[in-house]
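Peer 1: Supplied in structure tokens, the structure appears directly below.
2 protein chains.
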Amino acid sequence: MKTVSGGVCAAKGFKAAGIHCGIRKNKDKNDLSMIVSDCPASAAAVYTQNLVKGAPILVTKQHLQNGKAQAVICNSGNANTCNANGIEIAEQMSRLAADELHISSENVIVASTGVIGQPLVIDPIAAGIPLLVSRLSDSGSHEAALGIMTTDTEIKEVAVEFEIDGRICHLGGIAKGSGMIHPNMATMLVFLTTDVAISPEMLKKALSTDIQGTFNMLSIDGDTSTNDMVSVMANGLAGNAVIDREDDRFAVFMQALNSVTVYLCRAIAGDGEGATKMLECIVTGADDLATARTVAKSVICSSLLKAAMFGADANWGRVLCAIGYSGAKVDVNRIDVAFRSCKGTIPVCKDGSGIDFSEEEAKEILLQKDIEILVSLGDGDFSAKAWGCDLTYDYVKINGDYRT
Amino acid sequence: MKTVSGGVCAAKGFKAAGIHCGIRKNKDKNDLSMIVSDCPASAAAVYTQNLVKGAPILVTKQHLQNGKAQAVICNSGNANTCNANGIEIAEQMSRLAADELHISSENVIVASTGVIGQPLVIDPIAAGIPLLVSRLSDSGSHEAALGIMTTDTEIKEVAVEFEIDGRICHLGGIAKGSGMIHPNMATMLVFLTTDVAISPEMLKKALSTDIQGTFNMLSIDGDTSTNDMVSVMANGLAGNAVIDREDDRFAVFMQALNSVTVYLCRAIAGDGEGATKMLECIVTGADDLATARTVAKSVICSSLLKAAMFGADANWGRVLCAIGYSGAKVDVNRIDVAFRSCKGTIPVCKDGSGIDFSEEEAKEILLQKDIEILVSLGDGDFSAKAWGCDLTYDYVKINGDYRT
Numbered sequence: 006m007k008t009v010s011g012g013v014c015a016a017k018g019f020k021a022a023g024i025h026c027g028i029r030k031n032k033d034k035n036d037l038s039m040i041v042s043d044c045p046a047s048a049a050a051v052y053t054q055n056l057v058k059g060a061p062i063l064v065t066k067q068h069l070q071n072g073k074a075q076a077v078i079c080n081s082g083n084a085n086t087c088n089a090n091g092i093e094i095a096e097q098m099s100r101l102a103a104d105e106l107h108i109s110s111e112n113v114i115v116a117s118t119g120v121i122g123q124p125l126v127i128d129p130i131a132a133g134i135p136l137l138v139s140r141l142s143d144s145g146s147h148e149a150a151l152g153i154m155t156t157d158t159e160i161k162e163v164a165v166e167f168e169i170d171g172r173i174c175h176l177g178g179i180a181k182g183s184g185m186i187h188p189n190m191a192t193m194l195v196f197l198t199t200d201v202a203i204s205p206e207m208l209k210k211a212l213s214t215d216i217q218g219t220f221n222m223l224s225i226d227g228d229t230s231t232n233d234m235v236s237v238m239a240n241g242l243a244g245n246a247v248i249d250r251e252d253d254r255f256a257v258f259m260q261a262l263n264s265v266t267v268y269l270c271r272a273i274a275g276d277g278e279g280a281t282k283m284l285e286c287i288v289t290g291a292d293d294l295a296t297a298r299t300v301a302k303s304v305i306c307s308s309l310l311k312a313a314m315f316g317a318d319a320n321w322g323r324v325l326c327a328i329g330y331s332g333a334k335v336d337v338n339r340i341d342v343a344f345r346s347c348k349g350t351i352p353v354c355k356d357g358s359g360i361d362f363s364e365e366e367a368k369e370i371l372l373q374k375d376i377e378i379l380v381s382l383g384d385g386d387f388s389a390k391a392w393g394c395d396l397t398y399d400y401v402k403i404n405g406d407y408r409t
Numbered sequence: 006m007k008t009v010s011g012g013v014c015a016a017k018g019f020k021a022a023g024i025h026c027g028i029r030k031n032k033d034k035n036d037l038s039m040i041v042s043d044c045p046a047s048a049a050a051v052y053t054q055n056l057v058k059g060a061p062i063l064v065t066k067q068h069l070q071n072g073k074a075q076a077v078i079c080n081s082g083n084a085n086t087c088n089a090n091g092i093e094i095a096e097q098m099s100r101l102a103a104d105e106l107h108i109s110s111e112n113v114i115v116a117s118t119g120v121i122g123q124p125l126v127i128d129p130i131a132a133g134i135p136l137l138v139s140r141l142s143d144s145g146s147h148e149a150a151l152g153i154m155t156t157d158t159e160i161k162e163v164a165v166e167f168e169i170d171g172r173i174c175h176l177g178g179i180a181k182g183s184g185m186i187h188p189n190m191a192t193m194l195v196f197l198t199t200d201v202a203i204s205p206e207m208l209k210k211a212l213s214t215d216i217q218g219t220f221n222m223l224s225i226d227g228d229t230s231t232n233d234m235v236s237v238m239a240n241g242l243a244g245n246a247v248i249d250r251e252d253d254r255f256a257v258f259m260q261a262l263n264s265v266t267v268y269l270c271r272a273i274a275g276d277g278e279g280a281t282k283m284l285e286c287i288v289t290g291a292d293d294l295a296t297a298r299t300v301a302k303s304v305i306c307s308s309l310l311k312a313a314m315f316g317a318d319a320n321w322g323r324v325l326c327a328i329g330y331s332g333a334k335v336d337v338n339r340i341d342v343a344f345r346s347c348k349g350t351i352p353v354c355k356d357g358s359g360i361d362f363s364e365e366e367a368k369e370i371l372l373q374k375d376i377e378i379l380v381s382l383g384d385g386d387f388s389a390k391a392w393g394c395d396l397t398y399d400y401v402k403i404n405g406d407y408r409t
């Protein structure tokens, strides 16, 4: 899949912008973003399964019932969650954006991210929207990506180019997410755009299928946020015949979607709060897909393993331990474990028991930034990947005093 | 319940000892412990539900099938888990202890704790057992408690005195557990002794019932160990008529058991790896017990809340977030949250939304060592407690390089 620049504006007919409107104290930090399609688009989203849901989640769910959307408005610095007037504020945000864009507020996806339980004042948003709309451009993806960041330290933006019906198509996205990341249906905030023509039903199917193996396999700290959302808008401007069934063209679209979502998963994992390393657990030889996924996710979530990876300590017993309490039915006596990075691969466990290995070699492998934990279950043909990061002093520091 | 001294030797007819035999490099640290009853005792144990089980767990399970035991042998410094010859070594440990005590090896409870996946050499244990047996005394509980500690910084030891059938009875215990603590049926290692006369069946029932609300409600880091075990031996030397049904005397025994297990839970939580605070989440107003327990445990397990407590930051949104992803069916709009310590109580959330509170007052309350997180669900009459600790720099430090 060919990577291109432009992020959410790589697809034809999408513009974006991000500004500082005053929700955050730091004037150098964008806190309000917008993405707009020239025409109404097929739209789908998946949301957090946390019972406590941010008000914007509830409003967006309502707006997307007809499978159509044309714009995204998103603020950072305040999650608009657990506030008595949350729904009202989220609806005001939608309406103010819609009025300025001369579209229906039903076609607006609204999102918020930041601290929970502090009232979100509408005034800076209301004052900022005209400026935000005036800044919309097809090179605005970067500013929009900046506007949705909280404790993120790196911009997460990607786009790919592919062909359907002989037409050049694009799919791009921006994402944020650094802490409170343990998505259950979706991750923190991911906005995807594409110019592919696809029906709302098939778009929903593509997204719902994809996230099972991508954002749902990502964990920074085991805490499922109240405001998770992945949305996708497909405006059809690539000019292909509408994808309305599971044919070869749908497969190409799924492939494009997956290449973008996996890229964003890895970017979010590597930029986890306080992280110094990106961890990827690759499970092979499982009896079924559910087992492979359960094992991979359990390994990536272990606080003990995450701390060991921070210390570049090849403490593989913690991998076995995490597999054991995962709930997956596996034969412990067939498990092999190895660690891999750009410096090589080192097997540490064979058939469920430790084997001799060079601690020095293991240390050199584990001192790298991207670490793979290879788990072979020796049972069947299914495999899965999960992404996470190490547990560091800085994670504690960031979250010991997040609100000030 | 009257607290007395003596730990596992408070009950009549129990002796204990702990020595350094050479499994650990540090010669000042005990690494081998023994507890012995003068006569065979009713015995019961609960074990980790981790699919990967330490070899000693498998051997002990076998030995306790007849509901009888007379001695405990336990080493620290090596978990004897994920080793090809693990079972063999655990059986050797039992046999060596039994031979020296002139009892059947079937009556030995064997346990190991420490690093996973490194072969446990029998030699220092074999050489140490005669010395260990020679040191057995009714004042040996303290040395035995020292011998089972790993990253623990404080001794966990307690005993109570109570009356059944006009006889003075005792129940005491020692425990260890600091990291990899998220018990599922049991906690790291807890050894209980009592001189009450009780049938193996009723002892098993008492223990299995009690741990649901005690050790299963404890979490340091979400990692369920491979070697968790809580065992209890009841030698009947108090002279009461054998408890063999759920009568008033069983209720008194349950109360004594609960007072000892709750004490040990709080001690383990407060001494969690790197912990500066003991956290207790008290959930009231639940529709049923399962809901109360699920909510309490989810709150105590949240990495984000644990880090906030380390920073004495009243970030109550993380309490709501953890309740929301717990899986419990609750009405979010009825949830009240408050923080409490010896400095007072401060309500921070009413009916699912934030309320005004003094950050200074909250800070003073949260700077204390023992913090209670009060959650009222407003639905029914059930309540539960769960115990944990804050997430600190030192947790990361301890686990970043545990093996060296």
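Protein sequence lines correspond, in order, to chains A and B. Position one of the first sequence corresponds to residue 6 (our numbering), numbered consecutively onward. Position one of the second sequence corresponds to residue 6 (our numbering), numbered consecutively onward. Here a beta-carbon is modelled for each residue, glycine too, at the ideal position from N, C-alpha and C.
(1) Buried or exposed: where does P135 of chain B fall if 16 or more other Cβ atoms within 10 Å of its Cβ makes it buried?
(2) Taking the Cβ atom as the reference point for each residue, do C44 of chain A and L176 of chain A lie within a distance shorter than 9 Å?
(3) Start and end of the alpha helix (DSSP H) containing Y52 of chain B?
(4) Based on DSSP bridge pairs, tell me the residues matched to M238 of chain B.
(5) Residues of chain B with a CB under 7 Å from the CB of G329 of chain A: which are they?
(6) So, for M154 of chain A: in the same chain, excluding its five sequence neighbours on each side, which residues have a beta-carbon less than 7 Å away from its beta-carbon?
(7) With contact counted as at least three CB pairs below 8 Å, one residue from each stretch, are the region 6-14 of chain B and the region 294-313 of chain A in contact?
(8) Going along chain B in order, which residues have a C-beta closer than 9 Å to the C-beta of Q123 of chain A?
(9) Using only alpha-carbon positions, find the residue among B:V113, B:L63 and B:E96 that is nearest to V237 of chain B.
(10) Measuring only the C-alpha atoms, how far is K73 of chain A from A48 of chain A?
(11) Identify whether T266 of chain A lies in helix, strand or coil by the three-state DSSP scheme.
(12) Flag Y398 of chain A as yes if its beta-carbon sits less than 9 Å from any beta-carbon of chain B, otherwise no.
(13) Consult DSSP for R250 of chain B and reduce its assignment to one of helix, strand or coil.
(14) So what does DSSP say about T118 of chain B, is it helix, strand or coil?
(15) Determine which residues share a DSSP beta bridge with A256 of chain A and list them.
(16) On the criterion of 16 or more Cβ atoms from any shown chain inside 10 Å, does G145 of chain B qualify as buried, or is it exposed?
(17) Is V335 of chain A close to chain B, meaning its C-beta is less than 9 Å from at least one C-beta of that chain?
(18) So which residues on chain A does T86 of chain B lean against when the C-beta distance must stay under 9 Å?
(19) Check E285 of chain A in the structure and name its three-state DSSP category.
(20) Interface residues of chain B around N404 of chain A at Cβ under 7 Å?
(21) Taking the straight line between their C-alpha atoms, what separation do you get for A367 of chain B and P352 of chain B?
(22) Between the C-alpha atoms of C306 of chain B and E148 of chain B, what's the straight-line distance to the nearest angstrom?
(23) Which ranges would you report for the beta strand (DSSP E) in the region 344-390 of chain B if only whole runs of at least 3 residues count?
(24) Check whether chain B comes within 9 Å of C354 of chain A, counting only Cβ atoms and requiring the distance to be less than that.
(25) Please tell me whether L382 of chain A and V304 of chain A are closer than 9 Å, where the distance is taken between their beta carbons.
(26) Around the C-beta of S139 of chain B, are 16 or more other C-beta atoms found within 10 angstroms, so that it is buried, or is it exposed?
(27) For G275 of chain B, count neighbouring C-beta atoms within 10 Å of its own C-beta (all shown protein chains included) and say buried if the count is 16 or more, exposed if not.
(28) In chain order, what residues of the region 78-110 of chain A put their CB closer than 8 Å to some CB of chain B?
(29) Counting C-beta neighbours from all protein chains within 10 Å, is the total for H107 of chain B 16 or more, i.e. buried, or is it exposed?
(30) Find the residues of chain A that neighbour C51 of chain B, judging by a C-beta separation of less than 8 Å, and give them in chain order.
(31) To the nearest angstrom, how far is the alpha carbon of K66 of chain A from that of N55 of chain A?
(32) So for A291 of chain A, helix, strand or coil by DSSP?
(33) Are A50 of chain A and S117 of chain A touching if we call contact CB-CB under 9 Å?
(34) Are the CB atoms of D384 of chain B and G290 of chain B nearer to each other than 9 Å?
(35) In chain order, what residues of the same chain lie with their CB nearer than 6 Å to the CB of A317 of chain B, ignoring the 5 residues before and after it?
(36) Determine the DSSP secondary structure at E162 of chain B, reduced to helix, strand or coil.
Peer 2: According to the structure data:
(1) With fewer than 16 other Cβ atoms within 10 Å, it is exposed.
(2) With contacts defined by Cβ atoms closer than 9 Å, C44 of chain A and L176 of chain A do not form a contacting pair.
(3) From DSSP, Y52 of chain B is part of no alpha helix (DSSP H) but of the beta strand (DSSP E) over L37 to Y52.
(4) Under DSSP, the beta-bridge partners assigned to M238 of chain B are B:A48 and B:T198.
(5) Within chain B, the residues near G329 of chain A are N55, L56, V57 and T231.
(6) S81 and K181, listed in sequence order.
(7) Here the region 6-14 of chain B makes no contact with the region 294-313 of chain A; the two share fewer than three CB pairs at distances below 8 Å.
(8) Residues of chain B passing the Cβ test: G322 and G359.
(9) Closest in alpha carbon position to V237 of chain B, among B:V113, B:L63 and B:E96, is B:V113.
(10) Separation of K73 of chain A and A48 of chain A (C-alpha to C-alpha, rounded to the nearest whole angstrom) is 5 Å.
(11) In this structure, T266 of chain A counts as helix in the three-state DSSP scheme.
(12) Yes, contact with chain B.
(13) Residue state, collapsed to three classes: coil.
(14) Here T118 of chain B carries a strand assignment [DSSP, helix/strand/coil].
(15) DSSP links A256 of chain A through a beta bridge to no other residue.
(16) Buried, since its Cβ has 16 or more Cβ neighbours within 10 Å.
(17) Answer yes: the Cβ-Cβ gap between V335 of chain A and chain B drops below 9 Å somewhere.
(18) Residues of chain A with a Cβ closer than 9 Å to the Cβ of T86 of chain B are, in chain order, G322, L325 and C326.
(19) Three-state DSSP puts E285 of chain A in a strand.
(20) Ordered by position in chain B, the residues that pass the 7 Å Cβ test against N404 of chain A are L309, A312 and A313.
(21) Each residue's alpha carbon lies about 9 Å from the other.
(22) Near 32 Å, if we compare the C-alpha coordinates of E148 of chain B and C306 of chain B.
(23) Entirely contained in the region 344-390 of chain B, the beta strand (DSSP E) runs reaching 3 residues are, in chain order, 349-355 and 375-381.
(24) At least one chain B Cβ lies under 9 Å of C354 of chain A.
(25) No, the Cβ-Cβ distance between L382 of chain A and V304 of chain A is not below 9 Å.
(26) S139 of chain B counts as exposed, since fewer than 16 other C-beta atoms from the protein chains shown sit within 10 angstroms of its C-beta.
(27) By the C-beta density criterion, G275 of chain B is buried, having at least 16 other C-beta atoms within 10 angstroms.
(28) So the list reads A84, T86, C87, N88 and A89, given in the order they occur along the chain.
(29) Its Cβ having fewer than 16 others within 10 Å, H107 of chain B is exposed.
(30) Checking the sequence shown, residue 51 of chain B turns out to be Val, not Cys. Contact of V51 of chain B with chain A by beta-carbon distance below 8 Å is absent, the smallest such distance being about 15 Å.
(31) Going from the Cα of K66 of chain A to the Cα of N55 of chain A covers about 14 Å.
(32) For A291 of chain A, the secondary structure class from DSSP, reduced to helix, strand or coil, is strand.
(33) Against a cut-off of 9 Å, the Cβ pair of S117 of chain A and A50 of chain A comes out as no contact.
(34) Closer than 9 Å, so yes.
(35) So the list reads K368, L371 and L372, once near-sequence residues are dropped.
(36) When DSSP states are grouped into helix, strand and coil, E162 of chain B belongs to the strand group.
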